[in-house]
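What follows is a short report on a single structure.
Numbering (this note's numbering), first residue to last: 3 to 327.
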């Protein structure tokens with residue numbers, strides 16, 4: 003049995019797992035999560051993981067998915083102060099093969115492997131054939147990830163983008179007022195300024211100003227928890243608007259990519275508030291594209307509820323790279 007090391011690296015946490023690259027299907031085991039700020043660099047975090055497992059064997063290769071743009075096999079992860087590079091990982095970990103990829107590339111590789119329990123249908127259309135047509139993936143978390151899958155002959159090829167940094171487009175008077183407030187704060191407002199964990203805080207701040215509420219510090223988890231527990235609260239109003247804006251944003255990406263195969267919603271925020279999200283205006287706003295409303299109604303949408311998808315995709319890529327698939 004040949005073992006590989008896979009990781010899903012975000013701005014706050016990194017998750018590691020081992021994968022059997024000889025297995026018939028991508029799989030992983032011994033998953034552990036670490037705070038990025040607890041280690042000086044990614045190699046130190048990986049060594050801590052292997053030490054915690056008391057692992058003394060050999061690693062055939064690694065694939066790490068990282069939240070951000072990867073150039074020439076390297077990325078600087080601003081939140082953690084880490085520079086992650088393939089060369090550095092090979093040298094420090096003494097592993098012969100290393101790939102560092104955008105996390106939405108690893109996530110996209112997991113999509114064809116999804117089972118019914120890995121997805122929650124949003125709206126009237128089921129995700130029937132995940133190997134047909136272009137698909138978009140939109141994921142609010144620490145930032146806003148945007149990617150996709152494009153069909154080419156018999157293969158589904160991942161599309162990596164930085165679409166989360168596209169300009170925010172308001173759709174009503176409230177969102178215009180939110181935009182004005184955030185323009186004063188940032189000078190430019192991208193979708194990520196609203197549709198992400200920090201974006202939810204921005205939305206809470208701006209809507210609070212509009213309603214004349216005193217400014218208060220609040221973390222995204224408190225907003226979503228209160229929204230779930232108190233449906234008449236201001237937090238529920240803010241989170242409901244967040245879900246609605248996400249619908250518009252996801253619809254824009256579907257139009258831009260021609261994602262007739264469907265749109266998947268990923269990220270760390272919504273799986274903790276599934277019922278609230280499914281009851282929100284997400285799907286209505288997704289379809290609300292004027293003359294293209296009928297086009298949008300034919301596009302299925304679903305929420306990814308498998309929080310191991312990034313690791314699963316990294317395992318699939320590692321098997322491919324090592325010639326096991």
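Backbone N, C-alpha and C fix where the C-beta goes; we use that ideal spot for every residue, glycine too. These numbers come from a predicted model, not from an experiment.
Quick one: residues in its chain with C-beta nearer than 6 Å to the C-beta of residue i, no 5 flanking neighbours on either side, listed in chain order?
i, result
"residue 316", "8, 65, 67, 108"
"residue 287", "246, 249, 250"
"residue 47", "16, 36, 41"
"residue 318", "28, 111"
"residue 141", "147, 268, 269"
"residue 1", "Not covered by the structure: residue 1. The range shown for the chain is 3 to 327."
Say the cut is 7 Å; is the CB of residue i nearer than that to a heavy atom of the ligand NAP?
i, result
"residue 194", "Among the components of this structure there are no ligands whatsoever, and the ligand NAP is therefore not found."
Alpha carbon to alpha carbon, what distance is there between residue j and residue i?
i, j, result
"residue 278", "residue 221", "18 Å"
"residue 63", "residue 215", "53 Å"
"residue 235", "residue 228", "7 Å"
"residue 187", "residue 208", "10 Å"
"residue 75", "residue 88", "6 Å"
"residue 176", "residue 182", "10 Å"
"residue 139", "residue 252", "8 Å"
"residue 83", "residue 297", "43 Å"
"residue 136", "residue 70", "22 Å"
"residue 309", "residue 100", "23 Å"
"residue 314", "residue 219", "36 Å"
"residue 85", "residue 12", "13 Å"
"residue 233", "residue 3", "51 Å"
"residue 173", "residue 292", "12 Å"
"residue 259", "residue 244", "22 Å"
"residue 151", "residue 304", "15 Å"
Less than 8 Å between C-beta atoms, sequence neighbours within five positions excluded: which residues of the same chain meet that for residue i?
i, result
"residue 185", "191"
"residue 126", "none"
"residue 212", "176, 179, 180, 183"
"residue 323", "63, 65, 99, 101"
Under three-state DSSP, which class holds residue i?
i, result
"residue 87", "strand"
"residue 113", "helix"
"residue 10", "strand"
"residue 324", "coil"
"residue 80", "coil"
"residue 22", "strand"
"residue 305", "strand"
"residue 280", "helix"
"residue 27", "coil"
"residue 197", "coil"
"residue 15", "strand"
"residue 261", "coil"
"residue 231", "helix"
"residue 72", "coil"
"residue 213", "coil"
"residue 275", "helix"
"residue 268", "coil"
"residue 56", "coil"
"residue 35", "strand"
"residue 102", "strand"
So that I know if they touch, is there some Cβ in chain D lying closer than 8 Å to that of residue i?
i, result
"residue 102", "Included in the structure is just one protein chain, with no chain D present."
Looking only at its own chain, which residues have a Cβ that is under 7 Å from the Cβ of residue i, when we skip the five neighbours before and after it?
i, result
"residue 72", "102, 103, 104"
"residue 306", "120, 121, 266, 267, 268"
"residue 230", "275, 278"
"residue 225", "202, 206, 237, 240, 241"
"residue 59", "5"
"residue 295", "289"
"residue 282", "242, 245, 246"
**Prompt:** Along the chain, which unbroken stretches of the beta strand (DSSP E) at least 3 residues long are found entirely within the segment 120–192?
**Reply:** Correct list: 121–124, 137–142, 146–154, 157–162.
**Asked** Is there contact between the segment 155–170 and the segment 287–301, where contact requires at least three CB pairs shorter than 8 Å?
**Response** The segment 155–170 is not in contact with the segment 287–301.
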